[in-house]
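Undergrad:
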Amino acid sequence: MSHSSQPRPHTFTAGGALKGTIRVPGDKSISHRSIMLGALAIGETRVTGLLEGEDVMSTAAAMRAMGATIEKQPDGEWVINGVGVGGLLQPETALDMGNSGTSTRLLMGLVSSHAITATFVGDASLSKRPMGRVIDPLSSMGAQFTASEGGRLPLTMQGAQPAVPITYRLPVASAQVKSAILLAGLNTPGITTVIEPVPTRDHSERMLQGFGADLTVEEENGERVIRIRGEANLTGQTITVPGDPSSAAFFIVAALIVPGSDVLIENVGLNPTRAGIVTVLRQMGGSIEEVSPRIVGGEPVADLRVRHSALKGINVDPAVVPSMVDEFPVLFVAAALAEGRTVCTGLEELRVKESDRITVMREALELAGATLHETEDGMVIDGTAGAPLPGGNKAPVVTHLDHRIAMSMAVAGLASTGGVAIDDVSPIATSFPNFMPLMAGLVAA
Ligand code: S3P
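With positions in the sequence shown counted from 1, the corresponding number in the numbering used here is that position plus 217.
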């Protein structure tokens with residue numbers, strides 16, 4: 218699913234207040250994991266609310282290539298028939314991961330404890346991203362790798378059978394690395410342990426327990442210690458995927474910064490390991506009300522009513538970074554419209570996302586006329602106190618195949634005088650295929 222098609226430039230302009238009710242697509246992290254665990258379970262897994270973005274479809278294609286049956290029903294439900302843990306088949310061709318780091322790193326973990334040799338390829342953005350962070354622990358478990366320079370894609374892995382259980386303390390706060398090791402542990406005899414000094418999103422732990430894996434989570438000396446016993450048996454489940462807070466974040470910020478806005482975003486996942494953006498925007502003075510909080514598919518969910526607010530710059534606590542790691546690009550946009558200075562630190566991981574999100578957002582917001590500068594590990598932004606950004610950039614924002622840069626700058630365009638031109642909106646389809654019509658609908662309402 219690489220973006221071989223022509224770039225699609227677009228200019229996002231202000232269209233007045235955002236009003237109405239929307240529902241964002243299913244959570245990307247939970248969607249990937251539903252497909253992977255469904256494909257490994259015995260029996261049938263039924264998934265409603267699956268995100269049908271390109272990234273998740275890359276995961277589905279890979280699991281099909283290794284033997285699972287994955288089909289969409291006419292009513293929109295997805296049905297997966299798994300092969301059983303240990304039952305993955307040798308894929309006949311390279312696994313195309315498109316733009317998706319989550320597919321790549323989690324599947325590398327899954328495959329590493331199977332007697333499979335698999336080649337992983339991806340688009341230009343993914344091929345620049347570091348895989349050493351999963352190659353290291355999976356090598357200790359016995360898998361063997363031939364990677365491109367710097368531990369990058371394309372790479373070929375020879376899985377270990379049997380793999381060896383390890384105890385691994387995460388050197389970076391990464392749910393992808395944690396999940397890769399836990400998924401490898403599923404087909405590894407004995408107890409595989411991951412120690413998390415800093416907690417990251419816990420969807421893998423929740424879902425592995427839900428599918429019946431023997432997985433425990435304990436606090437020890439201020440760290441999270443996760444243990445999984447292999448070889449596991451997983452049983453097919455019925456899953457309802459909540460709306461993605463990372464997708465909702467674009468509309469939350471849009472409603473906060475465009476005067477007169479009042480929007481209800483239904484069914485937003487608010488797992489505490491993901492909800493940092495709501496906390497931070499409230500600290501800045503944002504009016505975000507949780508309506509009908511409930512549990513959906515084992516995850517906390519609420520409808521969010523968001524109203525235009527006078528935002529104030531703050532020093533963002535670096536401790537929240539893991540719980541909003543994907544939301545900083547759009548937070549920078551909010552800060553660019555706030556009164557006073559916003560300082561973000563501890564963002565070194567942003568440099569190895571789909572693009573270097575510190576430099577790329579600094580360049581993008583400068584083109585839109587914002588006042589900001591980047592630091593080694595963060596950003597300092599001096600806001601307009603609610604005045605629209607000048608916009609009117611002749612040279613378009615360069616998105617570098619990064620969906621979140623495109624959507625963040627679309628939001629900036631809504632709060633600009635001259636509009637914000639973007640070089641390519643096609644990457645948005647990786648995580649949020651209906652972003653443009655949803656936004657147009659809210660502005661027109
Ligand atoms: C994800 C983890 C995060 C996040 C990514 C999805 C996941 O990556 O940025 O979009 O589903 O586990 P890291 O683990 O690299 O922080």
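Cβ atoms here follow ideal geometry from the backbone N, Cα and C, with glycine treated the same way.
Ends of the alpha helix (DSSP H) at T592?
TA: Careful: T592 lies outside any alpha helix (DSSP H), inside the beta strand (DSSP E) at T588 to T592.
Undergrad: Would you list the residues sitting across from M374 in a DSSP beta bridge?
TA: Answer is A335 and F362.
Undergrad: Output needed for T334: all residues of its chain with C-beta closer than 6 Å, excluding positions within five of it in sequence on either side, in chain order.
TA: Only Q375 meet the Cβ criterion.
Undergrad: How many Å lie between F649 and P607 at the Cα?
TA: Near 27 Å, if we compare the C-alpha coordinates of P607 and F649.
Undergrad: Between the Cα of R423 and those of A392, A627, I469 and P654, spot the shortest distance and give me the residue it belongs to.
TA: It is A392 whose Cα lies nearest to the Cα of R423.
Undergrad: Enumerated in chain order, which unbroken segments of the beta strand (DSSP E) with a length of 3 residues or greater are wholly contained in the segment 244-316?
TA: For the segment 244-316, whole beta strand (DSSP E) runs of length 3 or above, ordered along the chain, are 261-265, 286-289 and 295-298.
Undergrad: Does I722 come out as helix, strand or coil in the three-state DSSP assignment?
TA: Because the chain is modelled from 218 through 662, residue 722 falls outside the range shown and cannot be assessed.
Undergrad: What is the rounded straight-line gap between the Cα of M280 and the Cα of R524?
TA: Near 42 Å, if we compare the C-alpha coordinates of R524 and M280.
Undergrad: In this structure, does DSSP put D640 in helix, strand or coil?
TA: The answer is coil: DSSP assigns D640 none of H, G, I, E or B.
Undergrad: Would you decide whether L306 is buried or exposed? Buried here means 16 or more other CB atoms lie within 10 Å of its CB.
TA: Burial call: exposed.
Undergrad: Let me know if P644 comes out buried or exposed under the rule of 16 or more other beta-carbons within 10 Å of its beta-carbon.
TA: Looking at its Cβ environment, which holds 16 or more other Cβ atoms inside 10 Å, P644 is buried.
Undergrad: What separation, rounded to the nearest whole angstrom, lies between the Cα atoms of G243 and L267?
TA: The straight-line gap from Cα to Cα measures roughly 5 Å.
Undergrad: Does the distance from the C-beta atom of R369 to that of S344 stay below 9 Å?
TA: Yes, they are a contact pair.
Undergrad: Around the C-beta of T276, are 16 or more other C-beta atoms found within 10 angstroms, so that it is buried, or is it exposed?
TA: Under this definition T276 is a buried residue.
Undergrad: Hey, would you say the C-beta of K245 is under 8 Å away from at least one heavy atom of the ligand S3P?
TA: Checking the Cβ of K245 against the ligand S3P gives yes.
Undergrad: My parser needs the beta strand (DSSP E) runs of 3 or more residues fully inside the segment 499-582; what are they?
TA: Fully enclosed beta strand (DSSP E) runs of 3 or longer: 504-513, 516-524 and 558-561.
Undergrad: Determine the extent of the beta strand (DSSP E) in which H227 is found, giving its start and end residues.
TA: Looking at the DSSP string, the run of the beta strand (DSSP E) that includes H227 is H227 to F229.
Undergrad: Considering only the alpha carbon of each residue, which of E583, P510 and E593 lies closest to G600?
TA: Ranking the options by Cα distance to G600, first place goes to E583.
Undergrad: Measure the alpha-carbon distance for H220 versus V628 and round it to whole angstroms.
TA: The pLDDT assigned to H220 is 49, lower than 50, so where the model puts this residue is not dependable; a value taken from the coordinates is nonetheless given after this. Taking the straight line from one Cα to the other gives about 23 Å.
Undergrad: Terminal residues of the continuous alpha helix (DSSP H) containing V411?
TA: Careful: V411 lies outside any alpha helix (DSSP H), inside the beta strand (DSSP E) at G407 to E413.
Undergrad: I645 lies in the alpha helix (DSSP H); which residues open and close that run?
TA: From DSSP, I645 is part of no alpha helix (DSSP H); its letter is neither H nor E.
Undergrad: P382: buried (16+ other C-beta within 10 angstroms of its C-beta) or exposed?
TA: Buried, by the Cβ-count rule.
Undergrad: Taking the alpha-carbon positions, what's the T417 to P539 distance?
TA: Between T417 and P539, the C-alpha separation is close to 6 Å.
Undergrad: Would the beta-carbon of E516 be found less than 8 Å away from any heavy atom of the ligand S3P?
TA: Not under cutoff, so the answer is no.
Undergrad: Counting pairs of beta carbons, one from the segment 499-511 and one from the segment 444-460, are three or more of them closer than 8 Å?
TA: No, because fewer than three Cβ pairs between the segment 499-511 and the segment 444-460 fall closer than 8 Å, the two stretches do not touch.
Undergrad: V394: beta carbon under 8 Å from a heavy atom of the ligand S3P?
TA: Yes, the ligand S3P has a heavy atom inside 8 Å of this Cβ.
Undergrad: Rounding to the nearest angstrom, what Cα-Cα distance links G270 and A646 in this structure?
TA: Cα-Cα distance, rounded: 6 Å.
Undergrad: Kindly identify the DSSP beta-bridge partner or partners of R446.
TA: Per DSSP, I408 and D431.
Undergrad: Taking the alpha-carbon positions, what's the F652 to V442 distance?
TA: Going from the Cα of F652 to the Cα of V442 covers about 37 Å.
Undergrad: Going by beta-carbon coordinates alone, are A231 and G636 separated by less than 9 Å?
TA: Cβ atoms of A231 and G636: closer than 9 Å.
Undergrad: Does at least one heavy atom of the ligand S3P sit under 8 Å from the Cβ of E565?
TA: No, since every heavy atom of the ligand S3P falls outside the 8 Å radius drawn around the Cβ of E565.
Undergrad: Measuring straight from C-alpha to C-alpha, what distance separates S356 and H331?
TA: The alpha-carbon atoms of S356 and H331 are separated by roughly 13 Å.
Undergrad: For S526, which of A258, G515 and A555 has the nearest alpha-carbon?
TA: Minimum Cα distance to S526 is reached at A555.
Undergrad: In terms of residues, what are the limits of the alpha helix (DSSP H) holding K345?
TA: From DSSP, K345 is part of no alpha helix (DSSP H); its letter is neither H nor E.
Undergrad: Using DSSP with H/G/I as helix, E/B as strand and the rest coil, what is N651?
TA: N651 falls in the coil class under three-state DSSP.
Undergrad: Considering only the alpha carbon of each residue, which of R499, R491 and V497 lies closest to P517?
TA: Nearest C-alpha to P517: R491.
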